[in-house]
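Have a look at the structure below, then the notes.
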Amino acid sequence: MAGDTVKSSNPPAWLTAGLEHVWLPYAQMKTIAPPLAVARTQGCRIVLADGRYLIDGIASWWTACHGYNHPHIREAVERQLAAMPHVMFGGLVHEGALTLARRLAALLPGDLTRVFFSESGSVAVEVALKMALQYWFNRGAGRRTRFLAFNGGYHGDTTGAMAVSDPQGMHALFAPLLPQHIVVDLPRSDEDFADLDRLLAAKAETMAGIVVEPLVQGAGGMIFHEAPVLRRLRALADKYDLLLIFDEIFTGFGRTSTLFACEQAEVVPDIITLSKALSGGTLPLAATVATRAVFDAFWADDPGKALMHGPTFMANALACAAANASLDLFAREPRLKQVAAIAAQLTQGLEPCRGLAHVKDVRVKGAIGVVEMERIDDLNGLRARFVEEGVFIRPFGNVIYLTPSFTIAPEELKTLTEAVVKVVRSLGG
Ligand SMILES: Cc1ncc(COP(=O)(O)O)c(C=O)c1O
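Now the structure itself:
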């Protein structure tokens, strides 16, 4: 049940006055259910302005991997705030960013060693695409302009990112207006790979690279695939001289049980994108990391071969301080063990949903638990049902999922899985 602190039934003045002026994400503003007013967060709890609290099943769009308000991150950000909240990254550098770049390069596999910072996942993807296109321009192969991407994929809401996301997905309206790439079903079988091989044989000379979310297509439906798929994509990329781009904005930093999903496939992409849990979920930060070979294509006396990109807030000092503190926590606390324990508890806790007539599938990978429904008719109603159970869970499409913080206590996770089971059962009619 929702929390036990003092409850107030009057909405705060800032809510009623401000709602008239804000435009909320992914929502028909006319029919949207009133959003929940949040007063503060603590650990795995969201405390509402009316005094109730909710156990958080989503970790704020998969960012808050250490729970909210972790003291180590808070102290690092406070220290940084006193010294320097931000300084432009053009012509100036600072310790936090350079230390973070060095640490990321050490943690990532292979020679993914050049880190370009930005401030959101979508922008990190834009930078990755731009890097890949210019890689070919700089090497005199400017015909290579198209990407292979996959149905079910999601890479962000900006133009380039939309163009490599599922064309039938939430951005379908824009599909005819966007650069035309090649989008196919993610190959899984020998036959699929043989088809893809034939496609690439015909088209690779006009293609720059392959873009994929390794192991889990997140916002496209929490669809899983296995590590060998990534190995075979790597082999095809090598065969046809394509850059392989892994978007680990969701999967990075432990979510699928290894620090990076690509480790499970023992595959090194040419470019990797990171964000979300990079800063421990406290401040906006993203990174596009390239291998030495990609970087070398930009290394020249010719200024025309430089990467012309530079977001105003790139490598923000507060965000870098948070990210360095987050990496400290990954180094000294047993995060991957916690993910393994969460995976086991999710598997057991969601099992009662399997086999229910209106449930299509139940699946778990790392700290991602999914109950895929045959369909969901009333998303707003379903979200409200979860709030009544004292949990924050945000189903989308036909998917109810849990992506908790890695620090969630077993009893809190139990509250989440029990709420899912109870609500899913009640949907059976
Ligand atoms: C795999 C992936 N790529 C890119 C993005 C876009 O990130 P942002 O919302 O920070 O722009 C997301 C966001 O959910 C994502 O899951």
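Take the sequence shown: its letter number 361 is residue 353 in the working numbering, and every next letter is one higher.
All C-beta atoms, glycine included, are put in the ideal place defined by N, C-alpha and C.
In this text, all values refer to a predicted model and were calculated from it rather than measured experimentally.
Counting only the same chain and skipping the five closest in sequence on each side, list residues whose C-beta sits under 7 Å from that of residue i.
i, result
"E381", "A411, K414 and V415"
"A31", "V39, L40 and A41"
"P344", "V413"
"Q330", "F398 and T399"
"E111", "P276, L277, A278, P303, F305, M306 and N308"
"A349", "G420"
"A51", "C57, G273, T395, P396 and S397"
"L319", "R95"
"L125", "T137 and A200"
"G82", "G302"
Just to confirm my understanding: we take residue i, look at its own chain, exclude 5 residues before and 5 after, and list those with CB closer than 8 Å. What are they?
i, result
"M424", "Nothing about residue 424 can be reported from this structure: the residues present for the chain run from -7 to 421 only."
"R425", "This structure leaves residue 425 out entirely; the chain is present only between -7 and 421."
"L228", "F185, L188, D189, L192, I202 and L234"
"T(-3)", "Because T(-3) carries a pLDDT of 49, less than 50, the predicted location of this residue cannot be relied on, and the following value inherits that uncertainty. The answer, listed in chain order, is V39, G43, R44 and Y45."
"P402", "A333 and Q337"
Could you check if residue i belongs to the surroundings of ligand 1, using beta carbon to heavy atom distance under 7 Å?
i, result
"D149", "yes"
"I241", "yes"
"A211", "yes"
"E205", "yes"
"W425", "The shown model of the chain, from -7 to 421, leaves out residue 425, and the question about it has no answer."
"V351", "no"
"Y146", "yes"
"W6", "no"
"W53", "yes"
"G113", "yes"
"V362", "no"
"V281", "no"
"V175", "no"
"S271", "no"
"S267", "yes"
"V391", "no"
"V117", "yes"
At which residues does the beta strand (DSSP E) containing residue i begin and terminate?
i, result
"L394", "V391 to L394"
"K352", "V351 to K357"
"E364", "I360 to M365"
"F322", "No beta strand (DSSP E) contains F322, which is instead part of the alpha helix (DSSP H) from A309 to R324."
"Q34", "V30 to Q34"
"R95", "Looking at the DSSP string, R95 is not in any beta strand (DSSP E); the run it does join, the alpha helix (DSSP H), is E87 to L99."
"R138", "R138 to F142"
"A194", "A194 -> not in any beta strand (DSSP E); alpha helix (DSSP H) instead, spanning D182 to K195."
How far does the alpha helix (DSSP H) with residue i in it reach, from first residue to last?
i, result
"G152", "T151 to A155"
"I65", "P63 to A75"
"K122", "G113 to N130"
"L11", "A5 to L11"
"I466", "Only positions -7 to 421 of the chain appear in this structure, which leaves residue 466 out of reach."
"V413", "P402 to L419"
"F378", "L371 to E380"
"D48", "Not the alpha helix (DSSP H): D48 falls in the beta strand (DSSP E), residues Y45 to D48."
"F81", "Note, F81: premise wrong, no alpha helix (DSSP H); not H, not E."
"A229", "A219 to K231"
Rounded to whole angstroms, how far is the Cβ of residue i from the Cβ of residue j, which I believe are closer than 8 Å?
i, j, result
"L92", "C312", "5 Å"
"V204", "D239", "7 Å"
"K268", "I237", "17 Å between Cβ atoms; not a contact."
"R327", "G246", "5 Å"
"G49", "L408", "5 Å"
"R131", "A289", "6 Å"
Less than 6 Å between C-beta atoms, sequence neighbours within five positions excluded: which residues of the same chain meet that for residue i?
i, result
"A211", "Y146"
"A315", "L92, L270, S271 and L277"
"I334", "A359"
"A(-6)", "Annotation note: pLDDT 48 at A(-6) (below 50); position unreliable, coordinate value reported separately. Closer than 6 Å at Cβ, skipping near neighbours: R44 and G382."
"M214", "V362, V391 and Y393"
"H78", "N308 and A309"
"A219", "Q256 and A257"
"R135", "T198"
"M162", "none"
"A280", "The sequence shown places Thr at residue 280, rather than the Ala named in the question. So the qualifying residues of the chain are F108, A116, V119, A120 and T265."
Residue i: buried (16+ other C-beta within 10 angstroms of its C-beta) or exposed?
i, result
"H13", "exposed"
"I24", "exposed"
"L178", "buried"
"L405", "buried"
"W6", "exposed"
"G420", "exposed"
"Q340", "exposed"
"A9", "exposed"
"K352", "exposed"
"A155", "buried"
"V176", "exposed"
"L84", "exposed"
"R346", "exposed"
"P261", "buried"
"M365", "buried"
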